[in-house]
């Protein structure tokens, strides 16, 4: 039975390695939702897009209308890796560091 997962932040270092691990199983369907910031690896997405059980959606999880794009299917699980790195920058401006903690997850739970 095929399992379907939505992975936010799946183009970042940790998320991408998790995605590659899951994609070894062809009975898994993955949707990666990522903003593609300085910490992302967009070149890796090109290779993964060749796989029939993978899709990529570029978007910002803090924007409801962008996140809605990912919910055209039902998932068995949502795995959240999206986050800001270099937390020392939060001293100057904390908002980006807490706004991407999936403010809409209650809407989809």
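Numbering (UniProt numbering), first residue to last: 1 to 109.
Quick reminder that beta carbons are idealized off the backbone N, C-alpha and C, glycines included.
- [ ] Can you give me the Cβ contacts of residue 77 inside the same chain, cut-off strictly under 7 Å, excluding the 5 residues immediately before and after it?
- [x] Reading the chain shown from its first residue, position 77 is the one you call residue 77. Excluding residues within five positions, the ones whose Cβ falls inside 7 Å are 5.
- [ ] Please work out which residues of its chain come closer than 8 Å, Cβ to Cβ, to residue 23, disregarding the five sequence neighbours upstream and downstream, and give them in chain order.
- [x] Stepping through the chain shown from its first residue, residue 23 is reached at position 23. Excluding positions up to five away in sequence, the list reads 30, 48, 51, 53 and 54.
Task: Cutoff 8 Å; reference residue 3; Cβ partners in own chain excluding five residues on either side - done: Walking along the chain shown from the start, residue 3 turns up at place 3. Only 27, 28, 29, 76 and 77 meet the Cβ criterion.
Open item on the list: By the three-class DSSP mapping on this structure, what secondary structure does residue 19 have?
Closed with: Start at 1 with the first residue of the chain shown, and residue 19 comes out as number 19. Helix at residue 19.
Open item on the list: Does residue 14 pass the burial test, meaning 16 or more other C-beta atoms within 10 Å, or should it be called exposed?
Closed with: Translated into the one-based positions of the chain shown, residue 14 becomes position 14. Exposed: under 16 other Cβ atoms inside 10 Å.
Task: Span separating the alpha-carbon of residue 39 from that of residue 45 - done: As a working note, residue 39 is residue 39 in the chain shown. As a working note, residue 45 is residue 45 in the chain shown. Answer to the nearest angstrom: the Cα atoms are 14 Å apart.
TODO: Identify, in the order they occur along the chain, each residue of the same chain with its Cβ nearer than 8 Å to the Cβ of residue 81, setting aside the five sequence neighbours on each side.
DONE: On the chain shown, position 81 is the one that residue 81 refers to. The residues are 7, 8, 9, 10, 12, 14, 15 and 18.
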